[in-house]
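J.: Here it is, the structure in full.
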Amino acid sequence: MLALQARALSKTYRKAKRPALDGVDLDVASGQIFTMLGRNGAGKTTFLRIASTQLLPSSGSITVLGLDAVKQAKELREKIAMTPQEAETVYPLTPRDHVLLSLRMRGMEKAEAEKRAQRALDDLELSDVADTNSDWLSGGLKQRVIVAMALRTDAELIYLDEPSIGLDPLSRRKVWDQLTLLKKTGKTIILTTHYMDEAEALSDNLVIIDKGKVVASGTPRSVKAAVTSRATRVDVFDKFTQNELEAYGHVVSIAGRHRVLTDADGARKLGDTAVERGASIAIAPVTLDDVFVDIVGESEKEEEHEG
Amino acid sequence: MKGRQTLRSLWAIMYYLGFTPMIRNPLFVAFVFSQPFTLLFILLVVSNGAALPYGLAGALTMVVTELGLFVGTDLASYKIQNRLQDMVVASPVSPLVYMFGVALSELAFGAPALVILFGLIAEQGATAAALGSAFGVVMLLWVTTTSIGFFFSAYAPNTQNAFVINGFITTFLSVLPPVYYSVDALPVYLRPLAEAIPTTEAASLFQGAMGLGHTIAPVWGFAVLVAATLVMLLLVSFRMKWRES
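Heads up: the protein sequence lines correspond to chains A and B, in order.
All the letters of the first sequence, read from the start, carry residue numbers 0 to 306 under numbering that gives the first Met the number 0.
All the letters of the second sequence, read from the start, carry residue numbers 0 to 244 under numbering that gives the first Met the number 0.
Below, the structure is given as structure tokens:
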């Protein structure tokens with residue numbers, strides 16, 4: 000069963016030169032963690048805002064939990080929750096106040112809300128600071144408070160716009176654990192992130208959006224396979240020019256360093272040549288990070304050529 | 000959301016955005032007192048106590064005006080800075096419950112000032128009927144100024160501007176017009192302009208309730224307040240959109 004279905008969804012903001020979303024088709028199955036990847040301004044947040052009934056699309060259709068997100072927004076809002084990007088805590092409320100505000104505002108009874116709030120605070124390791132003024136907390140703790148506000152609602156679908164931004168690696172994993180546990184309770188989670196490892200570790204399915212268009216979609220594994228048959232990456236630090244490296248595979252050059260995406264045979268050959276030359280290289284399996292840089296980097300190049 | 004859930008929702012917004020900050024940070028309450036009571040004090044000293052009733056009417060008008068306009072600042076803050084409004088839109092909470100909840104939360108900050116001012120007005124010898132009438136004017140003026148707050152919050156591009164706009168409108172509505180003084184003190188050619196400002200009408204009705212006589216007919220005063228509220232709510236309904244387009 001589908002939790003979300005978008006067809007030819009487009010959005011052009013007033014005075015904008017190009018659409019923020021340009022004919023997006025997307026299916027999200029129920030009970031999954033679905034991740035949207037893309038650069039800043041790619042259209043991820045615009046999509047989330049339309050899907051969470053905050054913004055009207057310019058054209059196209061979007062159905063969420065069987066309801067038209069444009070025409071049946073009121074009914075849909077009973078079933079969703081949202082963690083916005085770059086939200087700030089409210090002074091002088093404590094983390095517990097924030098979670099209770101979120102739960103009780105949705106009409107939950109006090110006893111139930113208190114029980115769920117304590118659980119959300121425990122789950123995100125906020126219990127020690129639960130009754131501390133949020134203004135005194137670090138940026139990472141504040142971000143966890145914002146995530147906690149959506150975590151224990153009775154929503155069937157939760158949107159999280161860059162939930163792990165500003166979190167240290169351990170905190171990020173704590174959030175991942177909670178999202179995975181939420182998924183097990185049957186909830187659908189749609190999130191945006193810039194962290195490829197996060198998308199790879201969490202997602203059942205993902206989509207890469209660039210300049211308002213879907214440029215790749217599927218499981219993390221299938222996206223990697225579809226985009227590149229080259230399963231190995233070789234980072235080359237010196238003694239090779241870009242032209243020379245192109246003989247071994249697809250080269251992505253960033254900040255003077257070359258990364259070659261290639262197959263096992265190409266990696267072996269490049270390795271042999273590097274040993275002969277005494278060059279510094281590092282060989283590793285391709286990650287989603289490489290795929291992202293590959294896709295989005297190509298799109299940038301095309302734009303430069305068109306320009 | 001059903002009836003009881005709606006009430007719980009309203010209470011939660013009022014409790015967490017009004018009562019809780021008020022208890023945690025009494026400065027919020029002191030801030031509501033600061034300007035109205037400073038002007039009241041100056042008037043009291045300058046007039047040797049003779050202008051106390053005008054001062055009380057002015058302070059009451061200014062406190063209610065501040066409370067209404069603060070709603071605009073808070074809404075702008077919750078929308079732009081905290082992104083709380085984004086969470087609320089994507090939830091079962093209706094726009095009416097959210098806005099009414101924020102407006103009531105603001106009233107909580109002003110409750111101590113209102114209690115003190117009503118106490119002082121009663122001490123001046125106002126009858127129960129006069130106090131009841133003043134309370135009615137407070138409610139009406141609160142709705143008027145809150146709708147002005149809603150309207151300007153929709154135009155605030157950032158929280159800094161929201162504070163500046165708020166300060167400017169507070170001065171324009173409750174210091175310049177005949178709020179701390181009688182409308183009769185103004186040159187005749189300025190009176191029609193002053194009488195078109197809702198706070199002038201409210202102050203005049205408060206002055207009447209304290210036995211200073213009605214410089215403006217009470218019916219006209221109520222009519223201006225109601226008309227101003229309707230106009231502002233109409234403008235708000237055009238400008239404010241729960242879902243952006």
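For each residue, glycine too, the CB sits at the ideal point set by N, CA and C.
Tell me the rounded alpha-carbon separation between A:R17 and A:T11.
T.: Whole-angstrom Cα-Cα distance: 7 Å.
J.: Cβ closer than 7 Å: which chain B residues qualify as neighbours of A:I79?
T.: A89, listed in chain order.
J.: Grouping DSSP H, G and I as helix and E and B as strand, with all else coil, what is A:Y312?
T.: This structure cannot speak to residue 312 of chain A, because chain A is shown only from 0 to 306.
J.: Taking only heavy atoms of the ligand FMN into account, decide whether any of them is closer than 7 Å to the Cβ of A:D21.
T.: For the structure depicted, the ligand FMN is absent and the ligand set is empty, with no information on it obtainable.
J.: With a threshold of 16 other CB atoms inside 10 Å of the CB of B:T170, please say whether the residue is buried or exposed.
T.: Under this definition B:T170 is an exposed residue.
J.: If the cut-off is 9 Å on Cβ atoms, which residues from the region 146-174 of chain B count as contacting chain A, listed in chain order?
T.: So the list is empty, because no residue satisfies the distance condition.
J.: Please work out which residues of its chain come closer than 7 Å, Cβ to Cβ, to A:G306, disregarding the five sequence neighbours upstream and downstream, and give them in chain order.
T.: Below a pLDDT of 50, predicted positions are generally treated as unreliable, and A:G306, at 45, falls in that range; the measurement from the model is reported next regardless. Around A:G306: no qualifying Cβ.
J.: With a cut-off of 8 Å, do at least 3 Cβ pairs link the region 184-192 of chain A to the region 149-166 of chain A?
T.: Taking 8 Å as the limit for Cβ pairs, the verdict is that the region 149-166 of chain A does touch the region 184-192 of chain A.
J.: Check whether chain B comes within 8 Å of A:D96, counting only Cβ atoms and requiring the distance to be less than that.
T.: Chain B contact via Cβ: present.
J.: If you measure between the beta carbons of B:P35 and B:V62, is that distance less than 8 Å?
T.: In this structure, B:V62 lies closer than 8 Å to B:P35 by Cβ.
J.: Label A:R151 either buried or exposed according to how many other C-beta atoms from any shown protein chain fall within 10 Å of its C-beta, with 16 as the threshold for buried.
T.: Under this definition A:R151 is a buried residue.
J.: Cα separation between B:P156 and B:K78?
T.: Whole-angstrom Cα-Cα distance: 10 Å.
J.: Tell me whether the beta-carbon of B:T199 lies closer than 8 Å to the beta-carbon of B:P176.
T.: Their beta carbons are under 8 Å apart, which means B:T199 touches B:P176 by this criterion.
J.: Smallest Cα separation from A:Q142: which of A:T93, A:K183, A:L64?
T.: Minimum Cα distance to A:Q142 is reached at A:T93.
J.: Would A:M148 pass as an interface residue toward chain B - the criterion being a Cβ-Cβ separation below 8 Å?
T.: For A:M148, the answer is yes, since a Cβ of chain B falls inside 8 Å of its Cβ.
J.: Any C-beta of chain B sitting closer than 8 Å to the C-beta of A:G306?
T.: With a pLDDT of only 45 at A:G306, under the threshold of 50, the placement of this residue in the model should not be trusted, and no figure is reported.
J.: What is the rounded straight-line gap between the Cα of B:S205 and the Cα of B:G135?
T.: The sequence shown places Phe at residue 205 of chain B, not Ser. Taking the straight line joining both Cα atoms gives about 10 Å.
J.: Reducing DSSP to helix, strand and coil, say where B:R82 ends up.
T.: Correct three-state label for B:R82: coil.
J.: Quick check: the Cα distance between B:V182 and B:G210, rounded to an integer number of angstroms?
T.: Each residue's alpha carbon lies about 15 Å from the other.
J.: Please check if any C-beta of chain B sits within less than 8 Å of the C-beta of A:T179.
T.: Answer no: the Cβ-Cβ gap between A:T179 and chain B never drops below 8 Å.
J.: For the alpha helix (DSSP H) that A:K173 lies in, which residues bound it at each end?
T.: Unbroken alpha helix (DSSP H) run through A:K173: 168-183.
J.: Leaving aside the five residues before and after A:T52 along the sequence, list all residues of the same chain whose C-beta is less than 7 Å from its C-beta, in chain order.
T.: A68, A72, L75, R76.
J.: Please determine, among B:S46, B:V96, B:F149, B:L51, the residue with the shortest C-alpha to C-alpha distance to B:E65.
T.: The candidate whose alpha carbon is nearest that of B:E65 is B:F149.
J.: With DSSP run on the structure shown, which of helix, strand or coil describes B:E105?
T.: Looking at B:E105 - three-state DSSP - the assignment turns out to be helix.
J.: Closest Cβ-Cβ distance between A:M104 and chain B: below 8 Å?
T.: Judged by the 8 Å Cβ criterion, A:M104 is in contact with chain B.
J.: Of all the options A:K114, A:L20, A:H249, A:L64, which has the alpha carbon lying nearest to the alpha carbon of A:G40?
T.: The shortest Cα separation from A:G40 among A:K114, A:L20, A:H249, A:L64 belongs to A:L20.
J.: So, at 8 Å on beta carbons, what are the nonlocal neighbours of B:V235 in its own chain, with the 5 sequence-adjacent residues on each side left out?
T.: S146, F149, F150, A153.
J.: Span of the alpha helix (DSSP H) holding B:I147?
T.: It spans 127-152 - the alpha helix (DSSP H) in which B:I147 sits, taken as one unbroken run.
J.: With a cut-off of 8 Å on the beta carbons, I'd call A:L201 and A:T34 a contact; round off their distance for me.
T.: Going by Cβ atoms, the distance from A:L201 to A:T34 rounds to 6 Å, so yes, they are a contact pair.
J.: If we define contact as Cβ-Cβ less than 8 Å, is A:R76 a contact residue for chain B?
T.: Interface residue, yes.
J.: According to DSSP, A:R6 sits in a beta bridge with which residue or residues?
T.: Bridge partners of A:R6: A:S60.
J.: Would you please verify whether the beta carbon of B:A11 is less than 8 Å from any beta carbon of chain A?
T.: Closer than 8 Å to some Cβ of chain A, the Cβ of B:A11 qualifies, so yes.
J.: Going by DSSP in three states, A:F239 sits in which element: helix, strand or coil?
T.: Of the three classes helix, strand and coil, the one that applies to A:F239 here is coil, per DSSP.
J.: Looking at the secondary structure, which residues open and close the alpha helix (DSSP H) in which A:M35 lies?
T.: No alpha helix (DSSP H) holds A:M35; the beta strand (DSSP E) holding it covers 32-36.
J.: Among residues of its own chain, excluding the 5 on either side of A:L244, which ones have a beta-carbon nearer than 7 Å to its beta-carbon?
T.: Closer than 7 Å at Cβ, skipping near neighbours: V235, V250, H257, V259.
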